[in-house]
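Here is the structure we will look at, set down as structure tokens.
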Amino acid sequence: DAGITQSPRHKVTETGTPVTLRCHQTENHRYMYWYRQDPGHGLRLIHYSYGVKDTDKGEVSDGYSVSRSKTEDFLLTLESATSSQTSVYFCAISESRERDQPQHFGDGTRLSIL
Amino acid sequence: KQEVTQIPAALSVPEGENLVLNCSFTDSAIYNLQWFRQDPGKGLTSLLLIQSSQREQTSGRLNASLDKSSGRSTLYIAASQPGDSATYLCAVRLTGGGNKLTFGTGTQLKVEL
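As given, the protein sequences belong to chains S and F, one line each in that order.
Remember, this note's numbering sits 4 above the position in the first sequence when you count from 1.
Remember, this note's numbering sits 40 above the position in the second sequence when you count from 1.
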């Protein structure tokens with residue numbers, strides 16, 4: 005299995021509080037991604053990173069920010085959490101943009117906003 | 041906008057049966073298509089990746105095919121086992137779309153004894 009650790013694995017918090025999710029990889033892969041998974045919507049890309057300090061928006065980026073200060077860590081922040089952000093969040097990594105490189109996923113963080 | 045559809049949403053089969061899972065996509069300008077498996081409470085495990093220039097890929101009892109012109113891919117599972125029970129997801133990467141994937145909503149497979 006790819007060395008991807010997501011923390012925390014579960015979190016319950018209240019509307020309006022800030023939340024930061026962490027993705028740590030030991031594979032030294034260049035690309036990292038944050039997805040959310042919701043019933044009926046599948047996985048949707050929130051943000052991704054193509055290198056240290058290089059990030060770009062995905063399909064559902066509103067209300068989220070990311071940072072990548074080191075190759076191994078990619079942080080996802082909800083500045084002021086809302087109930088619509090209750091979801092399961094997955095981090096993924098890939099080695100390069102080459103088309104034969106699959107994405108590998110972490111085990112997810114289950115986030116509940118009350 | 042690329043849309044990816046997987047039908048059926050759920051499938052139950054007896055052990056030993058050969059089965060086919062379907063994935064369709066609306067934009068044929070894809071770079072590749074990837075099949076994943078997801079177990080409850082877990083992340084996604086990559087099963088097969090098919091490049092746009094390929095017609096099929098095989099790994100053990102799994103065979104994935106791709107027909108770009110019709111916007112379809114199938115995942116064939118031979119001699120199904122209870123351990124194959126999981127949700128199967130397909131995802132496409134568009135040409136010129138960076139390395140971003142668009143996912144289907146998955147087919148939940150149950151293989152019964």
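Ideal placement from N, C-alpha and C gives every residue a C-beta, glycine not left out.
Please confirm whether residue i has its beta-carbon closer than 9 Å to some beta-carbon of chain S.
i	result
K108 (chain F)	no
T98 (chain F)	no
T147 (chain F)	no
G111 (chain F)	no
A131 (chain F)	yes
G144 (chain F)	yes
V44 (chain F)	yes
Taking Cβ-Cβ distances shorter than 7 Å, what residues in chain F pair up with residue i?
i	result
P106 (chain S)	Q74, S86 and L89
Under 7 Å Cβ-Cβ, which residues of chain B neighbour residue i?
i	result
K82 (chain F)	In the structure shown, chain B cannot be found, because the protein chains are S and F.
Just the Cα atoms here: how many angstroms apart are residue i and residue j?
i	j	result
S69 (chain S)	E31 (chain S)	23 Å
G81 (chain F)	K108 (chain F)	32 Å
S53 (chain S)	F78 (chain S)	8 Å
S93 (chain F)	T135 (chain F)	12 Å
Q29 (chain S)	I8 (chain S)	4 Å
L51 (chain F)	T147 (chain F)	7 Å
G83 (chain F)	G20 (chain S)	28 Å
Y116 (chain F)	L59 (chain F)	6 Å
R95 (chain F)	S68 (chain F)	14 Å
P106 (chain S)	S125 (chain F)	22 Å
K150 (chain F)	V53 (chain F)	6 Å
D66 (chain S)	V56 (chain S)	22 Å
T142 (chain F)	P48 (chain F)	18 Å
A96 (chain S)	W38 (chain S)	7 Å
V92 (chain S)	R77 (chain F)	16 Å
L82 (chain S)	P22 (chain S)	6 Å
E57 (chain F)	L118 (chain S)	44 Å
T85 (chain F)	G144 (chain F)	15 Å
A44 (chain F)	E63 (chain S)	Reading off the sequence, residue 44 (chain F) comes out as Val, not Ala. Spanning the two alpha carbons is a distance of roughly 14 Å.
L115 (chain S)	V16 (chain S)	6 Å
Mind checking which residues open and close the beta strand (DSSP E) that includes residue i?
i	result
G55 (chain S)	G46 to G55
E152 (chain F)	T147 to E152
H14 (chain S)	H14 to T17
V70 (chain S)	Y68 to K74
S11 (chain S)	I8 to S11
K61 (chain S)	D58 to K61
T113 (chain S)	T113 to I117
H28 (chain S)	V23 to Q29
Q41 (chain S)	Y35 to D42
I97 (chain S)	S91 to S98
V135 (chain F)	Looking at the sequence itself, residue 135 (chain F) is Thr, so the reference to Val does not match. No beta strand (DSSP E) contains T135 (chain F), which DSSP labels as neither H nor E.
T142 (chain F)	L141 to F143
By the criterion of Cβ-Cβ separation under 9 Å, what are the contact partners of residue i in chain S?
i	result
L141 (chain F)	Y37, Y39, L47, L49, A96 and Q107
Against chain F, does residue i count as a neighbour if the rule is that its beta carbon must be under 9 Å from one of theirs?
i	result
H68 (chain S)	Note on residue identity: the sequence assigns Tyr, not His, to residue 68 (chain S). So no, Y68 (chain S) is outside the interface.
G62 (chain S)	yes
I8 (chain S)	yes
G44 (chain S)	yes
(request) Any chance you could list the beta strand (DSSP E) runs of at least 3 consecutive residues sitting entirely within the region 62–130 of chain F, in chain order? (result) 70–78, 84–91, 96–99, 102–107 and 112–117
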